[in-house]
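The structure appears below as structure tokens.
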Amino acid sequence: MVPDDRTLALAFYLLVDVSYSMDGAPLDAVNRILPEVVDTIEESPTLGDVVRFGALDFSDDARTVVPLGDLRDVRAIPQFTARGGTSYAAAFRQLRLDIERDLAKLRADGFQVYRPAVFFVTDGAPTDDVPELRAAFAELTDPSFRGRPNIIPFGVTPELPKAVLDPWVYPKPGDRGKPMRSYVYSGSGDAATAIRQIAEVLISSIVASANSVNEVGTAGGFVPPDDDDLGDWI
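Here the sequence shown stands for residues 1 to 234, numbered as in the UniProt record's numbering.
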């Protein structure tokens, strides 16, 4: 096999539930995540060279909030605002479209790119018809789709059972790739507290992933969250 000497780009997506139950303090905490990621990237030129970050939100529909790219180039960071219900299917369909477009552009720009990582933040169960939801997830994680992402769901309230989130983890044991897992907040704080902890874990994962890239920028990969950093989560 001929070595791939293209520079590696590590793609991260933040996928946020903005249903009305997230209004107030939870979304205020979400809106602090992107500035914190930007600050982290600006403090290290190495991070900016290899990390590409995008954000989406979803309710009854889904939309791209920040297209995947170098966050240092984003002049004004958009705000997440509450609306509608909780359609996981809409989120998965939009994510598939974004990943296809974004990875194709990165490759066209001369980057080597692996499967992206998705930090999926929600406070509630999906409101979709089950067949529609399963179909959207199957399309997103189709083994023939080169961009099928690593998906890590985070439930920000203890009332959300892990059994609701576990079906939307990818890869699962038995799938190709290192298995991911879901996390549900079980601490004494509120949803905003949970989201602030997610921000810390996301940034730690970004830094660890970037540090895994070799000196010539051609090898490395996604480093998932460390369970030791998630003591308030099950």
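Using N, Cα and C, we set each Cβ at its ideal position, and we do this for glycine too.
Through-space distance from residue j to residue i, alpha-carbon basis
i	j	result
Ile203	Asp229	12 angstroms
Pro3	Asp175	Note that Pro3 scores 45 on pLDDT, short of 50, meaning its location in the model is unreliable; the coordinates nonetheless yield the value given after this. Going by the C-alpha atoms only, they are around 26 angstroms apart.
Leu71	Asp28	20 angstroms
Asp226	Val201	8 angstroms
Gln112	Ser188	42 angstroms
Gly54	Asp73	12 angstroms
Ile195	Phe145	30 angstroms
Asp23	Asp60	15 angstroms
Arg6	Asp129	42 angstroms
Boundaries of the alpha helix (DSSP H) in which residue i is found, first to last residue
i	result
Asn211	191-211
Arg96	88-108
Arg134	130-140
Val164	162-165
6 angstroms CB neighbourhood of residue i in its chain, flanking five on each side removed
i	result
Ile33	Ala199
Ala191	Pro26, Asp123, Val156, Thr157
Phe80	Val16, Val18, Leu27, Val30, Asn31, Asp57
Thr141	Arg148, Tyr170
Leu103	Val113, Gly147
Val38	Leu71
Beta-carbon contacts of residue i that lie in its chain and below 8 angstroms, excluding the five residues immediately before and after
i	result
Pro224	Ala117, Asn150, Ile152, Lys178, Met180, Ser205
Leu56	Tyr13, Leu14, Leu15, Val16, Ala62, Arg63, Thr64, Val65, Ala91, Gln94, Leu95, Asp98
Pro35	Ile77
Within-9 angstroms CB hit, residue i to chain D
i	result
Ser87	Among the protein chains of the structure shown there is no chain D, as only one such chain exists.
Span of the beta strand (DSSP E), counted from its first residue to its last, around residue i
i	result
Val121	117-122
Ala9	8-17
Phe154	150-155
Same chain only: Cβ atoms within 7 angstroms of residue i, ignoring 5 sequence neighbours per side
i	result
Leu133	Tyr88, Ala89, Pro126
Val50	Leu8, Ala9, Leu10, Ala210, Val213, Gly217
Asp232	Tyr185, Ser186, Gly187, Gln197
Asp166	Ser182
Pro143	Arg176
>> Suppose only complete runs of 4+ residues qualify. What are the alpha helix (DSSP H) ranges in the stretch 29-74, listed by chain order?
In response: 33-42, 45-50
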